[in-house]
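Numbering-wise (the numbering used here), the sequence shown opens with residue 547 and increments by one.
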Amino acid sequence: MHVTMDTLVSLSKRRGFIFQSSEIYGGTGSCWDYGPLGVELKQNIKRIWWRDYIQRRPDMVGLDASILMHPTVWKASGHVDNFTDPMVDCLECRHRFRADKVDEMPWVHYCAATKGNKFTIPAGEPCSHCGERRTLCPDCGKGDLTAPRQFNLMFKTFMGPVEEDAALTYLRPETAQGIFVNFDNVAQSMRRKLPFGIGQIGKAFRNEITPGNFIFRTREFEQMEIEYFVNPRDTVEGKPADEYWHERWIADSLAWFQRYGLRAENLRLREHEKDELAHYAKRTADIEYRFPIGWSELMGIANRTDFDLKQHAKFSGKALTYFDEERKEHVVPYVIEPSAGVDRALLAFLADAYQEEEVRGEKRVVLRFHPELAPVKVAVLPLLKKREDIVRTAHAVRDTLSRHWPVVYDDTAAIGRLYRRQDEVGTPYCVTVDVQTVGDSDKGESADGKVTIRDRDSMEQARVPIDALPPVFLDLLNGGPWSAVASKYPAAKT
Ligand SMILES: [Zn+2]
Ligand SMILES: [Zn+2]
């Protein structure tokens, strides 16, 4: 079963992952807000990316460049002149379309052959009554479309208090340029030898004509980008260094997404055709994911050659080269760019984690997040919220565990409902405090000081002493097997 986008949108809203931006004002249509669970999930993605690619690799360093940059950056990068989409406008309803996409949408048609009846005809097909093809606006079916005009996708803004052309600048449409302009600063201050990479996570902005498909295409989004600099004169394993590292980054990136839960059958590699490549790119490969909307780009890995550093050297007048000690010469490094969208990665992880299954005749919705991605790691639930000693113990357990992990306490429903609720947001483990934990002096039953841990995926339970919870969860949340806990701490037969 593959989940639909509608299901993900509705789950995201209902469970506090993602809300439409400015919803009480009718929303903006292209921006989304991450709610209490969404922000945890998003931060987890960024944190493991940073840890795996920046912190754990000796050949990588990080950067956090500003969103507003010198306007000449965007001249040098080519964005002022080339970062455009052709658009057409309807003279009747004023809707705006990408000229190259207008024939990829269903179109409204008032058919003269059937007394002007209104039809909505599938994309690219002629009317089955009169045989005509679309010439007018696909939305209203009445207006003529203007000739295509180039529309720059960068958001314009003004730096400083004066709104004049001299102060015109842009919100960055990609984080990459912040890395290129800092190449020399980083190489010098960190005494780097080639090959080395600079990674950055940050917001970028594109005034897309047709955003859509939930968080897949938005006007404000977040990128996780690496620029990996190599000496084009070097060879590694018989290949030019840039080609060798390009292969390595493709393989590493595919493995990374799989390590955190994306299934291999939902991932594929797509090479850009020669006529699709940017003029400076030697090769580009996209990692595509089978999103609910079909196979689409999850990340791109491009060989940008020495284009960017050369452009910035030309426009700034500063040399952006590397001194090759061995050959005693200056070279302009080539750059491999693995570039991923945080929001798209989140959408992919969410879609892949989603499962519906039948449990004892009832539908169970479960997000099978990798433990490192799960927004909440443990939920602590009191079996009886009227028993003050049970509630107090549950709060104490939550307090202890929350020193290490995001943990929630919930007593707003019966235990079965509480479990389902945690399944639906992907919480890997629940801890239940019950009468045996605290004992019952009225009945002469003594406290056993143990709680029940329930595993999200198998729904099996184990009975663990409260004192042992931190080490048990440390092991489980680091990928330790549930079976080891289940056999060491068997649940009482009931
Ligand atoms: Zn129209
Ligand atoms: Zn017709």
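Beta carbons are placed, not taken as given, at the ideal position from N, Cα and C, and that holds for glycine.
Under three-state DSSP, which class holds residue i?
i	result
Asn663	strand
Pro617	coil
Ser987	helix
Ala1032	helix
Lys932	coil
Phe1043	With the chain covering only 547 through 1040, there is no way to say anything about residue 1043.
Ala959	coil
Pro582	helix
Pro1017	helix
Asp605	coil
Arg718	coil
Ser862	helix
Thr692	coil
Using the Cα positions of residue i and residue j, report the straight-line distance between them to the nearest angstrom.
i	j	result
Cys673	His655	8 Å
Ile713	Ala801	Reading the sequence as shown, one finds Ala at residue 713 and not Ile. Cα to Cα, the separation comes out at about 45 Å.
Val1041	Val977	An answer regarding residue 1041 cannot be provided, because it is not within the stretch 547 to 1040 covered by the chain.
Gln857	Asn849	16 Å
Ser576	Arg765	6 Å
Ser568	Asp1001	37 Å
Pro1011	Ala1037	11 Å
Phe760	Leu557	12 Å
Ile600	Gln1007	38 Å
Gln769	Asp685	33 Å
Pro928	Val943	11 Å
Glu817	Arg794	15 Å
Val979	Gly581	28 Å
His625	Pro617	10 Å
Cys636	Arg561	39 Å
Leu1020	Thr666	57 Å
Ala658	Asp552	36 Å
Ala993	Ser987	9 Å
Ile839	Ser1029	37 Å
Arg679	Gly745	49 Å
Pick out whichever of the options has its Cα sitting closest to the Cα of residue i.
i	options	result
His675	Met700, Leu1020 and Thr660	Thr660
Thr939	His950, Thr692 and Gly985	Gly985
Val648	Thr681, Lys664, Asn628 and Asp627	Thr681
Arg1009	Val881, Tyr1035 and Leu919	Tyr1035
Leu740	Phe701, Ser948, Asp788 and Met551	Asp788
Trp578	Phe767, Phe869 and Leu913	Phe767
Val922	Trp951, Ala942 and Val943	Trp951
Pro707	Val937, Met1005 and Thr715	Thr715
Leu855	Gly784, Glu871 and Tyr880	Tyr880
Glu875	Asp780, Leu913, Met1005 and Tyr900	Asp780
Trp791	Gln804, Lys621 and Asn777	Asn777
Ile613	Glu650, Thr703 and Lys820	Thr703
Ile961	Val926, His941 and Val971	Val926
Please indicate yes or no: does the CB of residue i lie closer than 7 Å to some heavy atom of ligand 2?
i	result
Glu671	no
Cys683	no
Glu710	no
Cys686	no
Cys676	yes
Cys657	yes
Check whether the Cβ of residue i lies closer than 7 Å to any heavy atom of ligand 1, and answer yes or no.
i	result
Lys647	no
Gly689	yes
Glu811	no
His641	yes
Cys976	no
Val636	A small correction: the amino acid at residue 636 is Cys; Val does not occupy that position in the sequence shown. Yes, since a heavy atom of ligand 1 falls inside the 7 Å radius drawn around the Cβ of Cys636.
Next on the checklist: Taking 8 Å as the cut-off, does the stretch 933-941 touch the stretch 818-833 (at least 3 CB pairs, one atom from each stretch)?
Outcome noted: At 8 Å Cβ cutoff, the stretches do not touch.
Checklist entry - Between the stretch 751-762 and the stretch 714-725, do three or more beta carbon pairs fall short of 8 Å? => result With contact defined as three or more Cβ pairs closer than 8 Å, the stretch 751-762 and the stretch 714-725 are in contact.
Checklist entry - Is the stretch 730-747 touching the stretch 601-612, taking contact as three or more C-beta pairs under 8 Å? => result At 8 Å Cβ cutoff, the stretches touch.
Item to check | Sufficient close CB pairs (3 or more, under 8 Å) joining the stretch 904-923 to the stretch 582-594 | outcome: Judged by pairs of C-beta atoms under 8 Å, the stretch 904-923 touches the stretch 582-594, as three or more such pairs exist.
Checklist entry - How do the stretch 832-852 and the stretch 803-816 stand: do at least 3 beta-carbon pairs fall below 8 Å, yes or no? => result Yes, the stretch 832-852 touches the stretch 803-816.
Next on the checklist: With three or more C-beta pairs closer than 8 Å as the rule, is the stretch 878-886 touching the stretch 838-846?
Outcome noted: Result yes; three or more Cβ-Cβ pairs closer than 8 Å.
Next on the checklist: Count Cβ pairs between the stretch 862-869 and the stretch 627-644 that sit closer than 8 Å; are there 3 or more?
Outcome noted: Judged by Cβ distances under 8 Å, the stretch 862-869 makes no contact with the stretch 627-644, as fewer than three pairs qualify.
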